Ligand SMILES: C[S@@+](CC[C@H](N)C(=O)[O-])C[C@H]1O[C@@H](n2cnc3c(N)ncnc32)[C@H](O)[C@@H]1O
């Protein structure tokens, strides 16, 4: 696996094409690669750029930089091969956390955030880490692949000030989240479509292993759950709640 400081656009595109070609054949993979590059060009028009700046209200309110408008061309191109950076909308985030809080435990008490570590896999510029700090989590961790987004996340963690902040143990890590060793705490894992199917499968194999070794409560909040079937296949997770916007899974006891 590459260390994040070595990520190059050409190498990433080559790995992407090789993987696609193994499944679909050279011709189909090349055609899809041209499609990805064309989408990148379309995404670079001034109109699309203006749209991406449209989500800057959160940044104005908290004097941070989490909008996708200010992401440079290199990271946007890398994003076409991994997943494009897009921050979670605050209203959607709080709706998901409210749903999580209302999830009854076995003893019918509601979930206590202070027992849990919040982990965002693919944390980008760290907006969800800041928003999660409004809840009294034990600690909050974000894992981001792209070094430049990770550096901005670190800066945001330093700059963020909010009177509603309840958790102050925040950390951003620059690494491949599909190989991330999960902390041995009770976990709330947050995913906003960070990986293709192969990456999702790696994450849930890791999660099953750690749950087998260290059984503990784990919840998975999956925003825009395009690959929900990957979670549904896990013997250790069951779906607890969801809408078209998100799915909430919990570990089986
Ligand atoms: C849709 S964005 C979500 C950002 C953030 N979680 C949020 O909700 O505001 C997905 C992020 O996952 C990152 N990503 C993609 N593949 C990754 C990997 N293997 N490891 C860590 N981060 C990854 C992308 O660079 C991007 O920043």
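In our numbering, the protein residues as written are 18 to 270. For each residue, glycine too, the CB sits at the ideal point set by N, CA and C. Keep in mind it's a predicted model, so treat the numbers as computed, not measured.
So what does DSSP say about residue 151, is it helix, strand or coil?
Of the three classes helix, strand and coil, the one that applies to residue 151 here is coil, per DSSP.
Determine whether the beta carbon atoms of residue 153 and residue 135 lie at a separation below 8 Å.
For residue 153 and residue 135, no; Cβs fall outside 8 Å.
Does the stretch 177-186 come close enough to the stretch 100-113 to have 3 or more Cβ pairs within less than 8 Å?
Taking a cut-off of 8 Å for Cβ pairs, the stretch 177-186 and the stretch 100-113 do not touch, as fewer than three such pairs fall below it.
By alpha-carbon positions, which one of 172, 162, 204 ends up nearest to residue 195?
Ranking the options by Cα distance to residue 195, first place goes to 162.
Please identify the residue among 178, 226, 39, 30 whose C-alpha is closest to the C-alpha of residue 77.
Checking every option, the nearest Cα to that of residue 77 belongs to 178.
Output yes or no for whether 8 Å exceeds the beta carbon distance between residue 209 and residue 241.
With contacts defined as CB atoms closer than 8 Å, residue 209 and residue 241 qualify as a contacting pair.
Is residue 98 near residue 30, with beta carbons less than 8 Å apart?
Yes, these two residues count as a Cβ contact at 8 Å.
Which one of 166, 96, 252, 268 has the shortest CA to CA distance from residue 53?
Out of 166, 96, 252, 268, 96 has the C-alpha closest to the C-alpha of residue 53.
Strictly closer than 6 Å from CB to any heavy atom of ligand 1: give me those residues in the order they appear in the chain.
Any heavy atom of ligand 1 counts here; residues with a Cβ closer than 6 Å to one of them, in chain order, are 96, 99, 100, 102, 103, 104, 105, 137, 139, 140, 141, 144, 145, 160, 161, 162, 163, 166, 193, 194, 195, 209, 210, 211, 212, 216.
For the putative contact between residue 151 and residue 145, defined by C-beta atoms under 8 Å, what is the C-beta separation to the nearest angstrom?
Contact between residue 151 and residue 145 fails: their C-beta atoms lie close to 11 Å from each other, not under 8 Å.
Quick check on DSSP: helix, strand or coil for residue 163?
Correct three-state label for residue 163: coil.
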